[in-house]
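A.B. asks: Protein chains in written order, with my numbering: chain A, 1 to 175; chain B, 1001 to 1288.
Sharing a structure here in structure tokens format.
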Amino acid sequence: MTRLEVYQRGLLDLVKRRGAPPEDEYLRRVADSDALATVREIAIWWRVFALEAQCRFTSRLLKRLGRFDEMVAWYFNHHLTSPFVEELSDDFLGSLSPHNDALIRATSQFERAFLKVRAGSAQTFEVLWDRHPDLVFVALENGSDLPPAETECVYRLRIDRNLPGMVACLRERIP
Amino acid sequence: MAGADTTFHPCPRPALAVTYEGDDRALLERIVPLVDTIEISPDAIATSDGRRASLRPEVLDEYAAVSPQIKFIAHGVGLSIGSFDHWDEGYLRLLDELFARFELGWHSEHLACTVVAGENTGTMFPMPRTEEALDLICERVRRIQERYPVPFLLEHVIHLLPDAPAEFTPAGFLNAITSRTGCGLVLDAYNLECDVFNQGLDIGAFLGELDLGAVRELHLAGGVKHNGLHLDIHSNTTRDTTLSLALEIVRRAPGLRAVTFEFLKEAVLLLGHDAICAELARIRQAIQ
């Protein structure tokens, strides 16, 4: 490995908080520097700006839950991040799709599907919600309280470019 | 080879340039009468469908609409000319697309690394000032010069992290690149101020040692102070100290062709159109 490769790989590992503490003297100096935290912060800021602009509902929900910055930082540290906002958003939302919080899961799945369809995808997507999605969107738009989960029914939201407004929702009783 | 023309051409004043990243026709209409040149960042106007990136046609149309009144130059972010393994070919495809559509006076890129082993760093790593890095950069500059018919410039980036062990001074490293390749330089007055503040750069010694004949473009911007560090986030108008430093460079750089005010698209809401226009008028008056 050349010195340049050692430095660049080492700096990337430090910025992404991964790998063992560096053995290289210069990289140890970087690891011990106060500026490293600022460089990490800046790298995450750019992702925050992009995701706020592109993933409007999911970023608002995560902020409402007090988890946005933490989730973006986690995503940045553990994923290859694209410089293109469309790819970054798609991958970020995809990383949230299996989330164990049902509301984060549904919102991110919906937003990912909606962005794909709006960009021209001919695929049909379906997202299950444990509460009325419209009420969630309204709450995220105007800052009102999020609706509680409903125990007797689910909402099946279809996203398809051939639907009026690209979405349709069916309320189904849980047997 | 398209190197920088570093001979002195008596010129009444450098052109005034500004960044513009599209989607704000009202701003475009206001800035066009105030400037000579628009600096296009291919990365900032690109979109990707997951397979291939391309320039957004609607933004290209905005530029085309003002092309009778304005000249264009390009300034990239994502080439990653300093990556140990390879640069980003995707950026060059964007640049090809831009060259196919517009006549560009020159194009430039940051002297930095933004991709490591295919992974985006999320920030810019400055190059260590070593012979190894110099060889790699010069080889790539030559390839770029062969590929495009206009001058290619490199811009120094700010240093937030401690400097890697170096075999050259900051100015000596830039001089070695320009003398070996004939490429030109973009000096960024705000980046230099950041390095003075954050790293103790001796600006007098730097400018004294630098071959200022290679400087074709000068960047001006304003940023923020955060955690005790000055950051080169183009979110503000230019401070008086930055403008003073810029004017010193204008006086001393005989090949300077353009002074560019840079601001991020995200900063437009914060700054407002009036402040951006006032800033352009202020810079224009200062550099005359």
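Beta carbons are placed, not taken as given, at the ideal position from N, Cα and C, and that holds for glycine.
Quick caveat, the model's predicted, so the values are computed rather than measured.
From what residue to what residue does the beta strand (DSSP E) around residue 1124/B run?
C.D. replies: 1119 to 1126
A.B. asks: Please classify residue 1088/B as buried or exposed, where buried requires at least 16 other C-beta atoms within 10 Å of its C-beta.
C.D. replies: buried
A.B. asks: Using a 10 Å radius around the Cβ and a threshold of 16 neighbouring Cβ atoms, would you call residue 123/A buried or exposed?
C.D. replies: So residue 123/A ends up on the exposed side.
A.B. asks: Taking one C-beta from the region 1257 to 1276 of chain B and one from the region 1014 to 1026 of chain B each time, how about it: are there three or more such pairs within less than 8 Å?
C.D. replies: Contact between the region 1257 to 1276 of chain B and the region 1014 to 1026 of chain B is present, because at least three Cβ pairs lie under 8 Å.
A.B. asks: Measuring CA to CA, which of 141/A, 127/A, 119/A is closest to residue 171/A?
C.D. replies: 127/A
A.B. asks: Under 8 Å, do residue 1028/B and residue 1066/B count as touching if we go by C-beta distance?
C.D. replies: Note that the C-beta distance between residue 1028/B and residue 1066/B is below 8 Å.
A.B. asks: Is it the case that the Cβ atoms of residue 91/A and residue 78/A are separated by a distance below 8 Å?
C.D. replies: no
A.B. asks: Under a three-way DSSP split, which group does residue 1197/B fall into?
C.D. replies: In the three-state reduction of the DSSP assignment, residue 1197/B falls in the helix class.
A.B. asks: Am I right that residue 159/A and residue 113/A are in contact with their C-beta atoms under 8 Å? What's the rounded C-beta distance?
C.D. replies: 4 Å
A.B. asks: In the region 1128 to 1146 of chain B, which residues sit with their C-beta less than 9 Å from some C-beta in chain A, listed in chain order?
C.D. replies: 1128, 1130, 1132, 1133, 1136
A.B. asks: For residue 43/A, which residues in chain B fall below 8 Å Cβ to Cβ?
C.D. replies: Neighbours of residue 43/A across chain B, judged by C-beta separation under 8 Å: 1121, 1122, 1123.
A.B. asks: Tell me the residue span of the beta strand (DSSP E) that contains residue 993/B.
C.D. replies: One cannot answer for residue 993/B here, as it falls past the ends of chain B, which runs 1001 to 1288.
A.B. asks: To the nearest whole angstrom, what separates the beta carbons of residue 1062/B and residue 1101/B, a pair I think is in contact under 8 Å?
C.D. replies: Not a contact, Cβ separation roughly 12 Å.
A.B. asks: Below 8 Å between beta carbons: does that hold for residue 95/A and residue 109/A?
C.D. replies: Taking 8 Å as the Cβ cut-off, residue 95/A and residue 109/A do not qualify as a contacting pair.
A.B. asks: Contact criterion: CB-CB distance below 8 Å. Does residue 86/A meet it with respect to chain B?
C.D. replies: yes
A.B. asks: Given a cut-off of 8 Å on the beta-carbon distance, is the pair residue 1078/B and residue 1135/B in contact?
C.D. replies: no
A.B. asks: If we ignore side chains and look at the alpha-carbon of each, how far apart do residue 22/A and residue 1054/B end up?
C.D. replies: 38 Å
A.B. asks: Could you please give me the residues that DSSP links to residue 129/A through a beta bridge?
C.D. replies: When DSSP reads this structure, residue 129/A sits in a beta bridge with 155/A.
A.B. asks: Using a Cβ cut-off of 7 Å, pull out every chain D residue sitting near residue 83/A, in sequence order please.
C.D. replies: The structure shown contains no chain D; the protein chains it does contain are A and B.
A.B. asks: Please classify residue 1170/B as buried or exposed, where buried requires at least 16 neighbouring CB atoms within 10 angstroms.
C.D. replies: buried
A.B. asks: Count the other C-beta atoms from every protein chain shown that fall within 10 angstroms of the C-beta of residue 1037/B, then say buried if there are 16 or more, exposed otherwise.
C.D. replies: buried
A.B. asks: Alpha carbon to alpha carbon, how far is residue 1150/B from residue 1001/B? Give it in angstroms, no decimals.
C.D. replies: Any reading at residue 1001/B is ruled out, since the residue's pLDDT is 43, under 50, leaving its predicted position unreliable.
A.B. asks: Taking the beta strand (DSSP E) that residue 1097/B belongs to, which residues open and close that run?
C.D. replies: Unbroken run through residue 1097/B is the alpha helix (DSSP H), 1089 to 1101; no beta strand (DSSP E).
A.B. asks: Can you check whether the C-beta of residue 76/A is within less than 8 Å of a C-beta belonging to chain B?
C.D. replies: Between residue 76/A and chain B, the shortest Cβ-Cβ separation is below 8 Å.
A.B. asks: With a cut-off of 8 Å, do at least 3 Cβ pairs link the region 1236 to 1250 of chain B to the region 1187 to 1196 of chain B?
C.D. replies: yes
A.B. asks: How do the region 1045 to 1052 of chain B and the region 152 to 169 of chain A stand: do at least 3 beta-carbon pairs fall below 8 Å, yes or no?
C.D. replies: no
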